[in-house]
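Per the numbering used here, the sequence shown starts with residue 3, numbered consecutively.
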Amino acid sequence: MRFSKRKSQFLISFLIITFNLVIFLSPAAALRPNDPDYFLQWYVEKINLPQAWDYTVGSEEVIVAVLDTGVDIDHPDLSGNIWINYDEVDGDGIDNDNNGYADDIYGWNFVDKNNQPWVDFSKDYSFEGANHGTLIAGLIAAQGDNLWGITGVTWKSKIMSLKVLDNNGMASIGPTVEAIDYAINNGADVLNLSFQGNFPYSDLQAAIERAHRAGVVVVAASGNAPLAGGLDLDVTPFYPVCYKTLAGKKMVVGVGSTDERDYRSTFSNYGSKCLDLSAPGQEIYSTQIYIPNNKDFNQYYGGGWEGTSLAAPLVSGAAALLKSINKEFTPTEVLDLLTDNTDNIDQLNPVFKNGRIGAGRLNVGKAVWAAIEYNKNRKETVVQPPLVNSQPTFSLDSKLIVAPTTGYEPMVQVYNQSGVLEKEFLAYQQSFRGGVNLAVGDVNLDGVKEIITAANIGGGPHVRIFDVNGKVLAQFFAYDRNFLGGVNVVAGDVDADQRVEIVTAPASDLAPWVKIFDNAGNLKKEFLAYDKKMTSGVNLAVGDINLDGSKEIITAANIGGGPHVRIFDATGKVLAQFFAYDRSFLGGVKIAAGDVDANQRVEIVTVPAGQSAPWVKIFDNAGNLKKEFLAYDQQFLGGANLAVGDYDKDGWADLVLSQRRTGRAVKIFDYLGQVEKEFSVFGPSYNFGLKLAIIE
């Protein structure tokens with residue numbers, strides 16, 4: 003890991019009136035700030051920031067987490083843009099917001115494990131290392147137009163200081179992983195990672211993927227190799243810039259360095275597989291640590307800094323500006339807006355053309371303008387469901403799994419997207435007639451989802467895991483072997499360990515113990531979903547409700563219980579709760595979760611298990627009703643079963659329903675409640691209701 007080299011250090015200030023004369027004489031019409039050292043920031047004009055500022059100077063709602071050596075939070079050009087955790091009471095020693103960190107007012111020091119995310123000068127330090135985090139913070143979000151010093155790319159966005167590097171700039175993986183999770187859980191929109199290493203730590207990769215999945219833009223420096231003239235990352239990958247998701251998809255915005263003439267910096271690593279774009283990284287002028295009466299740290303600003311570490315925060319600041327236009331922009335959308343609107347510099351760097359230094363040099367003005375135009379169309383297309391009469395395009399990689407609710411042999415059937423039976427097998431002994439509950443999940447990390455079964459009411463607590471061909475891969479008992487109340491089951495990565503857990507709850511006749519197992523049937527955690535006196539059973543769903551990178555556990559009472567929906571994390575902590583129907587309703591609530599309206603957020607979908615008209619309701623993660631419709635005739639009171647998933651692979655999660663105890667028809671609805679497809683399963687004489695699951 004190498005920091006940018008300091009060639010010289012200086013501070014040049016002019017009277018404000020003199021600087022204003024420069025502004026008034028400028029031929030450009032774009033917005034420029036009144037900060038007196040603005041003219042020392044040559045890179046601001048190079049990346050077309052004034053034109054971007056004509057549209058937006060950033061938003062206080064956008065948070066950029068700087069994972070570095072710490073930030074001088076008292077710096078006069080930064081103090082107004084430092085993130086503050088207002089849910090915490092300063093100095094009381096109590097974790098008021100229950101996020102695991104007491105008194106984390108300004109972030110956290112993951113190196114020294116305290117609430118002081120800045121440099122501790124009682125310990126060993128280097129000048130470069132001590133200043134590193136403050137330099138980066140200033141490039142991203144030094145306050146603009148405040149008659150002081152310099153301006154950041156964004157004038158208003160907040161800097162969350164997370165110290166993961168020691169005072170010399172050395173990192174450990176554990177603190178870095180913990181800091182990424184902290185940033186996700188505390189609302190960061192962008193992560194700046196201006197460090198490098200040559201070993202692909204899986205824990206760090208998994209943490210970055212959690213951030214990516216949570217909608218956080220992750221920006222990383224390509225790294226410096228001055229003696230080698232830069233390294234080809236396609237041959238010698240460095241990290242985190244070269245991390246991909248476990249599925250091989252892009253999740254890090256990789257940034258290389260250029261000079262004032264748009265030539266690749268000779269120290270900057272390159273490579274088409276890891277770099278996405280380049281940005282200025284030489285002769286950089288930015289904020290520094292200031293300590294009165296200290297000859298080494300007696301200047302608020304300094305210049306002559308260089309390195310890809312300084313190029314990355316310019317891109318992080320640009321990402322923050324795009325997020326200020328729409329916080330819902332996904333990391334992929336931000337990456338595309340940045341790379342599609344660069345200035346091509348291949349002609350100046352012919353040896354490194356064809357993407358070896360990325361798509362081009364950062365142009366923030368073009369990216370911001372494009373984002374505004376794109377957002378107009380996005381609002382028209384993303385929030386609206388597909389056309390009711392549009393025909394979905396079917397592929398062959400999604401499956402509908404069905405099984406009987408009760409009264410029939412425990413047959414599991416697998417249907418393709420056209421409703422054609424592909425496979426069937428018995429989950430338990432053929433004589434069993436209690437019904438089969440279903441879940442799906444890639445429990446063995448082979449890239450293919452397995453089918454998980456549990457016996458319904460009347461059967462033992464026998465959980466079995468099958469491949470799609472019906473081969474038993476594993477099995478275990480979720481409760482005492484003599485328990486015959488049935489077991490409900492779901493699957494998902496609920497504890498962010500990059501593995502799918504199996505979650506169970508009793509279907510009846512037992513206290514509402516939710517249990518979390520690994521794929522070998524080892525119990526990892528258990529908790530009560532409701533009062534232990536409630537024995538009506540618990541229905542389950544999982545979904546990443548709060549976009550934290552792991553799935554939450556969602557519960558609802560079975561028949562005999564109230565319509566109380568609760569959302570838990572993997573520790574059993576209640577995150578949210580609401581009533582899906584009238585509080586007096588005791589007919590039970592079936593529940594599922596998925597992004598049914600393509601808003602990049604998971605909705606909670608419910609339907610009565612019985613004793614009520616079949617109203618399907620769609621809620622956001624706070625329990626606010628977004629949509630409701632009747633799945634069957636209003637006179638039908640028999641209840642329904644429910645699954646949510648992109649069965650037809652059109653990009654929108656479908657709502658798949660069946661009657662709970664009678665019939666054999668499957669109905670597939672869109673978000674508006676329009677029937678997209680309907681077909682029957684099993685044989686013509688079958689009339690026992692269906693349990694459902696979807697392999698996407």
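Note that beta-carbon positions come from the ideal geometry of N, C-alpha and C, so glycine has one too.
query: Of the residues G258, F638 and N351, which one's Cα is nearest the Cα of L312?
result: To locate residue 312, count along the sequence shown from 1; it is residue 310. Measuring from the Cα of L312, the nearest candidate turns out to be G258.
- request: Just the C-alpha distance for P388 and G675, rounded to the nearest angstrom, thanks.
  value: As a first step, residue 388 must be located in the sequence shown, where it is residue number 386. As a first step, residue 675 must be located in the sequence shown, where it is residue number 673. For P388, the predicted structure reports a pLDDT of 33, less than 50, and the residue's modelled location is therefore unreliable. A value from the coordinates is still provided. Cα to Cα, the separation comes out at about 11 Å.
message: Cutting at 7 Å between CB atoms, please list the residues of its own chain near F681, excluding the five before and the five after it.
response: Walking along the sequence shown from the start, residue 681 turns up at place 679. Contacts found: G421 and V668.
- request: Kindly list the residues whose CB is nearer than 6 Å to the CB of N377, restricted to its own chain and excluding five residues on each side of it in sequence; keep chain order.
  value: By one-based count along the sequence shown, residue 377 stands at place 375. Non-local beta-carbon contacts of N377 in its own chain, meaning distances under 6 Å to residues more than five positions away in sequence, involve I327 and N328 in chain order.
- prompt: So, helix, strand or coil for Q415, using DSSP?
  reply: As a working mapping, residue 415 is identified with position 413 in the sequence shown. In the structure shown, Q415 sits in a strand (DSSP, three-state: E or B).
- prompt: Is the region 220–238 close to the region 535–553, with three or more CB pairs under 8 Å?
  reply: Touching, no, given that fewer than three Cβ pairs across the two stretches are closer than 8 Å.
message: Comparing C-alpha positions only, which one of N524, V370, N117 and A314 sits nearest to I96?
response: Residue mapping note: residue 96 aligns to position 94 of the sequence shown, counting from 1. Taking the Cα of I96 as reference, the smallest distance to any Cα among N524, V370, N117 and A314 is reached at N117.
- prompt: At which residues does the alpha helix (DSSP H) containing S318 begin and terminate?
  reply: For the purposes of this step, residue 318 is taken as residue 316 along the sequence shown, with counting starting at 1. Run containing S318: T310 to I327, per the alpha helix (DSSP H) assignment.
Reference D482; option with closest CA among V470, G461 and P565: Working through the sequence shown from its first residue, we reach residue 482 at position 480. If we check each option's Cα against that of D482, G461 comes out closest.
- request: Below 8 Å on the Cβ atoms is my guess for A320 versus L337; work out the distance and round it to an integer in Å.
  value: Against the sequence shown, residue 320 aligns to sequence position 318. Against the sequence shown, residue 337 aligns to sequence position 335. The Cβ separation is near 11 Å, so there is no contact.
message: Please state whether the Cβ-Cβ distance between D76 and G151 is less than 7 Å.
response: Working through the sequence shown from its first residue, we reach residue 76 at position 74. Working through the sequence shown from its first residue, we reach residue 151 at position 149. No, the Cβ-Cβ distance between D76 and G151 is not below 7 Å.
Beta-bridge partners of L402, as assigned by DSSP: Looking up residue 402 in the sequence shown gives position 400. For L402, the pairing in a beta bridge is given by DSSP as Y417 and I696.
- prompt: Going by Cα to Cα distance, which pick from K252, F587 and F621 is closest to I593?
  reply: In the sequence shown, counting from the first residue as 1, residue 593 sits at position 591. In terms of CA proximity to I593, F621 leads the group K252, F587 and F621.
- request: Mind reading off the beta-carbon distance from E90 to D106? Whole number of angstroms is fine, and I expect it under 8 Å.
  value: Your numbering for residue 90 matches position 88 in the sequence shown. Your numbering for residue 106 matches position 104 in the sequence shown. Contact flag correct, Cβ pair sits at about 6 Å.
query: According to the Cβ coordinates, are D520 and A572 closer than 7 Å?
result: For this step, residue 520 is matched to residue 518 along the sequence shown. For this step, residue 572 is matched to residue 570 along the sequence shown. For D520 and A572, no; Cβs fall outside 7 Å.
query: In whole angstroms, what is the alpha-carbon distance linking D533 and L525?
result: Locating residue 533 in the sequence shown gives position 531, counting from the first residue. Locating residue 525 in the sequence shown gives position 523, counting from the first residue. Whole-angstrom Cα-Cα distance: 21 Å.
message: For F201 and E630, I'd like the C-alpha separation in whole angstroms.
response: Numbered from its first residue, the sequence shown carries residue 201 at position 199. Numbered from its first residue, the sequence shown carries residue 630 at position 628. Distance between the alpha carbons of F201 and E630: 50 Å.
field: Start-to-end residues for the alpha helix (DSSP H) that takes in F269
entry: Within the sequence shown, numbered from 1, the residue matching residue 269 stands at position 267. Here F269 belongs to no alpha helix (DSSP H), and DSSP marks it neither H nor E.
task: State yes or no: is the C-beta of A507 within less than 7 Å of the C-beta of L542?
output: Taking the first residue of the sequence shown as position 1, residue 507 is located at position 505. Taking the first residue of the sequence shown as position 1, residue 542 is located at position 540. Against a cut-off of 7 Å, the Cβ pair of L542 and A507 comes out as a contact.
task: Output the boundary residues of the beta strand (DSSP E) element that contains V505.
output: As a working mapping, residue 505 is identified with position 503 in the sequence shown. That run of the beta strand (DSSP E) goes E503 to P508.
query: Quick one: any contact between the region 281–296 and the region 240–254, if contact means 3 or more CB pairs under 8 Å?
result: These segments do not touch.
Alpha carbon of V73 to alpha carbon of A185, nearest angstrom: By 1-based counting over the sequence shown, the position of residue 73 is 71. By 1-based counting over the sequence shown, the position of residue 185 is 183. If you draw a straight line from the Cα of V73 to the Cα of A185, it is about 15 Å long.
message: For a quick check, are the C-beta atoms of G590 and I561 less than 7 Å apart?
response: For the purposes of this step, residue 590 is taken as the residue at position 588 of the sequence shown. For the purposes of this step, residue 561 is taken as the residue at position 559 of the sequence shown. Taking 7 Å as the Cβ cut-off, G590 and I561 qualify as a contacting pair.
- request: Could you tell me the distance, in whole angstroms, from the CA atom of K679 to the CA atom of D183?
  value: Against the sequence shown, residue 679 aligns to sequence position 677. Against the sequence shown, residue 183 aligns to sequence position 181. C-alpha separation (whole angstroms): 41 Å.
task: From the DSSP output, read off the bridge partner residues of F519.
output: As a working mapping, residue 519 is identified with position 517 in the sequence shown. Beta-bridge pairing links F519 to I504 and L525.
- prompt: How far does the beta strand (DSSP E) with D635 in it reach, from first residue to last?
  reply: Walking along the sequence shown from the start, residue 635 turns up at place 633. No beta strand (DSSP E) contains D635, which DSSP labels as neither H nor E.
query: If we count the other Cβ atoms within 10 Å of its Cβ and call it buried at 16 or more, is K158 buried or exposed?
result: Mapped onto the sequence shown, residue 158 falls at position 156. Buried.
C-alpha distance - R501 paired with Q301, whole-angstrom precision: Here residue 501 refers to the residue found at position 499 when the sequence shown is read from its first residue. Here residue 301 refers to the residue found at position 299 when the sequence shown is read from its first residue. Rounded to whole angstroms, R501 to Q301 spans 49 Å at the Cα level.
- prompt: Between T289 and V505, what straight-line distance do the alpha-carbon atoms span, to the nearest angstrom?
  reply: Here residue 289 corresponds to residue number 287 of the sequence shown, with the count starting at 1. Here residue 505 corresponds to residue number 503 of the sequence shown, with the count starting at 1. Taking the Cα positions, T289 is about 50 Å away from V505.
- request: Mark R215 as exposed unless 16 or more other C-beta atoms lie within 10 angstroms of its C-beta, in which case mark it buried.
  value: Stepping through the sequence shown from its first residue, residue 215 is reached at position 213. Buried, by the Cβ-count rule.
- request: Determine the contact status of A509 and G545, defining contact as a CB-CB distance below 7 Å.
  value: Within the sequence shown, numbered from 1, the residue matching residue 509 stands at position 507. Within the sequence shown, numbered from 1, the residue matching residue 545 stands at position 543. In this structure, G545 does not lie closer than 7 Å to A509 by Cβ.
field: Counted within 10 angstroms of its Cβ, other Cβ atoms place E452 as buried (16 or more) or exposed
entry: The sequence position of residue 452 within the sequence shown is 450, counting from 1. Note on E452: 16 or more other CB atoms within 10 angstroms of its CB, so buried under the neighbour-count rule.
- prompt: Mind checking whether R266 and N351 have CB atoms under 7 Å apart?
  reply: The residue given as residue 266 occupies position 264 in the sequence shown. The residue given as residue 351 occupies position 349 in the sequence shown. Going by C-beta atoms, R266 is nearer than 7 Å to N351.
- prompt: Among all the DSSP beta bridges, which residues are the ones paired with Q161?
  reply: Working through the sequence shown from its first residue, we reach residue 161 at position 159. The question names Gln, but residue 161 is Ile in the sequence shown. DSSP lists V66 and I84 as the bridge partner or partners of I161.
field: Whole-angstrom C-beta distance between G596 and V604, which should lie under 8 Å
entry: Taking the first residue of the sequence shown as 1, we reach residue 604 at position 602. Taking the first residue of the sequence shown as 1, we reach residue 596 at position 594. V604 to G596, Cβ: 6 Å. Contact.
field: Endpoints, beta strand (DSSP E) assigned at H77
entry: As a first step, residue 77 is located in the sequence shown; it is residue number 75 there, counting from the start. Secondary structure note for H77: it is in no beta strand (DSSP E), with a DSSP letter that is neither H nor E.
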